[in-house]
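> Submitted below is the structure of interest, expressed as structure tokens.
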Amino acid sequence: MNPSPESIQNQDYQIPVELRQQVTITTLDRIYNWGRRNSMWPMMFGLACCAIEMICTAASRYDFSRFGMEVMRASPRQADVMIVSGTVTKKMVPQIVRLYNQMGEPKYVIAMGACASGGGPFKEGYNVVSGIDKFVPVDVYIPGCPPTPQALLNGLITLQKKVDHETIKSARWYRSDPVPEIPVPILGPDLIDVRRIEAIRQTIQTLADEAGNRPQEGEA
Ligand code: SF4
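Using my numbering, read the sequence shown as starting at 1012 and increasing by one per residue.
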């Protein structure tokens, strides 16, 4: 019988049946990924109606502790996965980015539901953003409005499968050139992504130049 994908045993090697309880052959990557995939602690925060489904998923009927996710952490410094569960309003984006920056590596993001993935029913609304992936990197998207607890469990299992394929050689948090923090957007009359300030300045300048060259009323 082959070991299950969740096993620490390297699938490429077969251990004789009589030794399976005593001996295992594995790789450093497999131990590393196995440890993380089975202790994925979500951050305890929710944004809107999808958060209710997330709470159900943690409760006894669906019980995501079966997958190693029982310890929801109220502190971003102790969390591994941010489940963005709900409508992402412009007012909340600076807080979400700040929390993401405060999480230690390795860290993952799940966009739960239509709102977090792309704006959902409020897309193009004056007060929401069209997906949290405009600001933080998303690992798994879960469709639905709202996604069911089963869908969230499937998203978490999908994240575990993604972790299974990571390697220490290329992991973001072991690179010699560290990934810089994401600048926290500024909330004024509208939300400003400070990474786009130069592009915004150029657009304003272009519009101003065009307005200056436009013939005024009464001119030939
Ligand atoms: S996707 Fe639907 S259920 Fe989820 S937060 Fe948006 S409106 Fe609510």
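Beta carbons are placed, not taken as given, at the ideal position from N, Cα and C, and that holds for glycine.
Keep in mind that this is a model prediction, so the values were computed, not measured.
Looking at P1196 and the ligand SF4, is the gap between the Cβ and the nearest heavy atom below 6 Å?
Residue numbering aside, residue 1196 sits at position 185 when the sequence shown is read from its first letter. P1196 Cβ: outside cutoff for every heavy atom of the ligand SF4.
> What number of angstroms, rounded off, separates the C-alpha of Y1152 from the C-alpha of L1170?
Counted from its first residue, the sequence shown places residue 1152 at position 141. Counted from its first residue, the sequence shown places residue 1170 at position 159. The alpha-carbon atoms of Y1152 and L1170 are separated by roughly 10 Å.
> Counting pairs of Cβ atoms below 8 Å between the stretch 1041 to 1053 and the stretch 1174 to 1187, do you hit three or more?
A contact exists between the stretch 1041 to 1053 and the stretch 1174 to 1187.
> Does at least one heavy atom of the ligand SF4 sit under 6 Å from the Cβ of T1098?
Translated into the one-based positions of the sequence shown, residue 1098 becomes position 87. T1098: yes, Cβ under 6 Å from the ligand SF4.
> Excluding five sequence neighbours on each side, which residues of the same chain lie with their C-beta closer than 7 Å to the C-beta of Q1113?
By 1-based counting over the sequence shown, the position of residue 1113 is 102. If we look at Q1113 and ignore the five residues flanking it on each side, its Cβ neighbours are P1087, R1088.
> Nearest to A1127 by CA position, among F1146, V1095, D1220, T1035, is which residue?
Sequence index remark: in the sequence shown, residue 1127 carries index 116 (1-based). Checked all of F1146, V1095, D1220, T1035; the closest Cα to A1127 is V1095.
> Report the start-end ranges of each alpha helix (DSSP H) in the stretch 1095 to 1179 that is 4 residues or longer and not cut off at the edges.
Fully enclosed alpha helix (DSSP H) runs of 4 or longer: 1104 to 1113, 1124 to 1129, 1160 to 1175.
> A1122: beta carbon under 6 Å from a heavy atom of the ligand SF4?
Counting from one through the sequence shown, the residue named residue 1122 turns up at place 111. A1122 Cβ: outside cutoff for every heavy atom of the ligand SF4.
> Could you compute how far the alpha carbon of A1219 sits from the alpha carbon of M1103?
Walking along the sequence shown from the start, residue 1219 turns up at place 208. Walking along the sequence shown from the start, residue 1103 turns up at place 92. Going from the Cα of A1219 to the Cα of M1103 covers about 32 Å.
> Closer than 6 Å: is that where the CB of A1059 sits relative to any heavy atom of the ligand SF4?
For this step, residue 1059 is matched to residue 48 along the sequence shown. Yes, the Cβ of A1059 comes within 6 Å of a heavy atom of the ligand SF4.
> Go through its chain and collect everything with a Cβ distance to D1204's Cβ below 6 Å, but skip five positions before and after it.
Locating residue 1204 in the sequence shown gives position 193, where the first residue counts as 1. Excluding positions up to five away in sequence, the list reads P1196.
> What is the C-beta distance between L1202 and V1140, in whole angstroms, given that I count them as a contact (C-beta under 8 Å)?
Translated into the one-based positions of the sequence shown, residue 1202 becomes position 191. Translated into the one-based positions of the sequence shown, residue 1140 becomes position 129. Contact holds; Cβ gap of about 7 Å.
> Throw me the rounded Cβ distance for the F1056 and L1167 pair, which I believe falls under 8 Å.
Position 45 of the sequence shown, counted from the first residue, corresponds to residue 1056. Position 156 of the sequence shown, counted from the first residue, corresponds to residue 1167. Contact doesn't hold; Cβ gap of about 16 Å is too wide.
> For a quick check, are the C-beta atoms of V1190 and D1150 less than 7 Å apart?
In the sequence shown, counting from the first residue as 1, residue 1190 sits at position 179. In the sequence shown, counting from the first residue as 1, residue 1150 sits at position 139. Cβ atoms of V1190 and D1150: not closer than 7 Å.
> Tell me whether V1034 is buried or exposed, calling it buried when 16 or more other Cβ atoms sit within 10 Å of its Cβ.
Within the sequence shown, the letter at position 23 stands for residue 1034. Exposed is the call here.
> Using the three-state DSSP reduction, which class does M972 fall into: helix, strand or coil?
Outside the shown range of the chain, which is 1012 to 1231, sits residue 972, and nothing can be said about it.
> Which partner residues does R1084 have in the DSSP bridge list?
The residue given as residue 1084 occupies position 73 in the sequence shown. According to DSSP, R1084 bridges with M1054.
> Below 8 Å CB to CB, which residues in the same chain sit around L1164 once its five sequence neighbours on both sides are set aside?
Counted from its first residue, the sequence shown places residue 1164 at position 153. Hits under 8 Å: T1068, Y1073, F1075, F1078.
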